[in-house]
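Residue numbers (my numbering): 16 to 98.
Laid out in structure tokens, this is it:
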């Protein structure tokens, strides 16, 4: 999940995985959470797994999440840093 598109070629990402990891911060997603596109299986966004990458390594866009889901993920990220 792209959290921020930075100047230059860097982007800040949040991991999405199909493997359930018990975490109070994980956000489950299904295709109904997408405004367009989707993923082949039920997945989890992991706000505790944030990383920076060069946007040139991204092979394709899976879709766009609906606004309430994106808002929830950002709230989870913020809550991690305000513990």
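Just so it is clear, CB atoms sit at the ideal spot from N, CA and C, and this is done for glycine as well.
Could you tell me the distance, in whole angstroms, from the CA atom of residue 23 to the CA atom of residue 57?
-> 33 angstroms
Nearest-angstrom beta carbon gap, residue 42 and residue 60 [assumed within contact, 8 angstroms] | 4 angstroms
Please classify residue 17: does DSSP put it in a helix, a strand, or coil?
-> strand
Top-ranked residue by Cα proximity to residue 45, from 81, 62, 75, 76 = 81
Can you grab the Cα-Cα spacing for the pair residue 36 / residue 63, in whole Å?
-> 11 angstroms
Work out the CA separation of residue 97 and residue 91 for me, nearest whole Å.
-> 10 angstroms
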